[in-house]
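Here the sequence shown is numbered in full-length UniProt numbering, starting from 1 and rising by one per residue.
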Amino acid sequence: MLIANSNKGDKYDARTFRQEESHKIDLFCPSCHKPVFYKQGKVKLSHFAHFSRKMCDSFSEGETPEHLAGKDFLFQWAQTGELEAYLPKLHQRPDILYNHIAIEVQCSFLPIEKFVERTRNYLKHGYCPWWLFGEKFVLRNRLTSLQKAGTYYHRQGGFYLWLSKPIKKEIWLIDHIRWHYRWGFFYQVKKWPVNSVTLDKLFTVIPSQQPSLEWDVSQYRFFIYKKLGQKQISTIRLQEKLYLLGATFQDLPDWCYEPSWYHFFFEDELLFLRFCYLKSRSFLEWIHRIKTLNHPWLYPLVSQKEILQDIYLECQKLVGKK
């Protein structure tokens, strides 16, 4: 941590704290109020630490040099706000509280359930969580469940997430994230150097309109059949769910294989959602049918209700074209 309190309630910043002061002042964690000590930086940025990491839930993940450096450069960028502000009603401590924005730099792997809980807690209490991922979360053609959970959505701009680059002193926007049956996930990158724009303006950036996507319906069919032939477990299980509705992949009409933004969430499982549309007489019946997919909604930054409504409307449009 970069901020500690004295027993008188005074705040001390590790970046300006002097080693000789540590012998004169008793320091405490602002979150759990347990004693902490000053560690002068050699490899890491100078910071305060608990005598035992188990003593405080707020710092249970430990702090990497990247995390400390990320908080430091973002707070310099913000110029205002509060570093490591403890929110007692939430029992949470964002790295930076900037107006109503709770900035979190996520450099370590975190259980998805804990990430979802934290995010929903911020939203419930009127804060806008801004998650920026660190170097361990390098994007490839597959996204982890945590990367998906930290992704934002805009109806015009699609899906996007943020990266913190403290060494370069930059924030990266990963936008136009799409899934393709052949390539997996792909995306574009935009970069902002420190102080090039205020953080509140950067947080509200809306990605540009999605570019067109190269997609071949017959080729997607072929890839599904190929995965069945390879006995890929996820494809076989999806086929079994179709069997229960009296169908196979071969029975699905071409429009079920059309591209969609919502492949981001469901990938091949979107085929099942679309076929369920054909078997349903109403939106509520469709919702009931797709529950058999057992797809937990672990995307706290995106409204499940909004996405399912959009998928249903997309099905109506695709059927109307045929």
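Don't be surprised by glycine CBs; every beta carbon is placed ideally from N, CA and C. No experiment lies behind these values; they were computed from the predicted model shown.
Just the Cα atoms here: how many angstroms apart are residue i and residue j?
| i | j | result |
| --- | --- | --- |
| residue 402 | PRO94 | It is not possible to answer for residue 402, since the shown part of the chain is limited to 1 through 322. |
| GLU258 | ALA149 | 25 Å |
| TYR122 | ILE101 | 9 Å |
| GLN210 | GLY157 | 6 Å |
| LEU238 | GLN250 | 13 Å |
| PHE48 | SER218 | 59 Å |
| TRP297 | SER52 | 35 Å |
| LEU143 | PHE185 | 7 Å |
| LEU139 | ILE25 | 44 Å |
| LYS136 | GLN304 | 28 Å |
| LYS11 | LEU2 | 10 Å |
| ILE206 | ILE171 | 15 Å |
| PHE73 | LYS169 | 7 Å |
| THR64 | SER208 | 34 Å |
| LYS191 | LYS201 | 14 Å |
| LEU252 | ARG281 | 18 Å |
| CYS315 | LEU228 | 25 Å |
| HIS125 | TYR225 | 47 Å |
| VAL197 | ASN5 | 32 Å |
| ILE307 | TYR277 | 15 Å |
| LYS317 | ASP13 | 57 Å |
| ILE236 | THR248 | 11 Å |
| ARG18 | SER234 | 57 Å |
| LYS231 | PRO193 | 47 Å |
| TYR187 | ASN195 | 25 Å |
| ASP216 | ASN141 | 19 Å |
| TYR127 | VAL105 | 16 Å |
| LYS71 | GLY246 | 55 Å |
| TYR38 | LEU313 | 57 Å |
| HIS33 | HIS67 | 22 Å |
| VAL36 | GLY9 | 14 Å |
| PHE189 | ASP175 | Strictly speaking, residue 189 in this sequence is Val, with Phe absent from that position. Distance between the alpha carbons of VAL189 and ASP175 is about 6 Å. |
Let me know the secondary structure DSSP gives residue i once reduced to three states.
| i | result |
| --- | --- |
| GLY320 | helix |
| GLN232 | coil |
| ASP175 | strand |
| PHE222 | helix |
| LEU87 | strand |
| LYS291 | helix |
| LEU68 | helix |
| LEU202 | helix |
| TYR38 | strand |
| CYS276 | helix |
| GLU61 | Low local confidence applies: a pLDDT of 49 at GLU61 is under 50, so the model's placement there is unreliable, with the coordinate-based value given in what follows. It is coil, neither helix nor strand. |
| TYR257 | helix |
| GLN147 | helix |
| TYR127 | coil |
| VAL189 | strand |
| LEU27 | strand |
| ILE167 | coil |
| ASP268 | helix |
| ALA78 | helix |
| LEU132 | strand |
| ASN5 | strand |
| residue 324 | Lying before the first or after the last residue shown, residue 324 is absent from the chain, which here runs from 1 to 322. |
| TYR181 | coil |
Give me, in chain order, the residues of the same chain whose beta-carbon lies closer than 7 Å to that of residue i; leave out the 5 immediate sequence neighbours on both sides.
| i | result |
| --- | --- |
| LEU270 | SER260, TYR262, HIS263 |
| ALA78 | ILE96, TYR98, LEU199 |
| ILE311 | TYR262, LEU273 |
| TRP179 | PHE185, HIS263, PHE264, GLU267 |
| THR292 | LYS241 |
| VAL319 | TRP255 |
| VAL116 | ALA149, LEU298, PRO300 |
| ARG289 | CYS276, LYS279, SER280 |
Can you give me the Cβ contacts of residue i inside the same chain, cut-off strictly under 6 Å, excluding the 5 residues immediately before and after it?
| i | result |
| --- | --- |
| PHE75 | LEU83, ILE96 |
| TYR181 | TYR220, PHE223 |
| TYR152 | TYR160, LEU301 |
Return the Cβ separation of residue i and residue j in integer angstroms, given the expectation that the two are a contact with Cβ distance under 8 Å.
| i | j | result |
| --- | --- | --- |
| GLY134 | CYS107 | 3 Å |
| GLN92 | ARG118 | 6 Å |
| TRP130 | PHE203 | 5 Å |
| ILE112 | LEU146 | 6 Å |
Can you find a C-beta in chain D that's less than 8 Å from the C-beta of residue i?
| i | result |
| --- | --- |
| TYR312 | Although the question refers to chain D, the structure presented lacks it and comprises just one protein chain. |
Spatial neighbours of residue i within its chain, please: CB distance less than 8 Å, with the 5 preceding and 5 following residues excluded, ordered by chain position.
| i | result |
| --- | --- |
| LEU213 | ARG178, HIS180, PRO259 |
| LYS89 | HIS125 |
| GLU61 | Annotation note: pLDDT 49 at GLU61 (below 50); position unreliable, no value reported. |
| GLN309 | PHE283 |
| ILE287 | LEU308 |
| LEU132 | GLY70, LEU74, ILE103, GLU104, VAL105, GLN106, TRP162, LEU163, SER164, ILE171 |
| TRP183 | ASN141 |
Measuring CB atoms only, is the region 245-256 touching the region 268-285, in the sense that at least three cross pairs come out at less than 8 Å?
Touching, yes, given that three or more Cβ pairs across the two stretches are closer than 8 Å.
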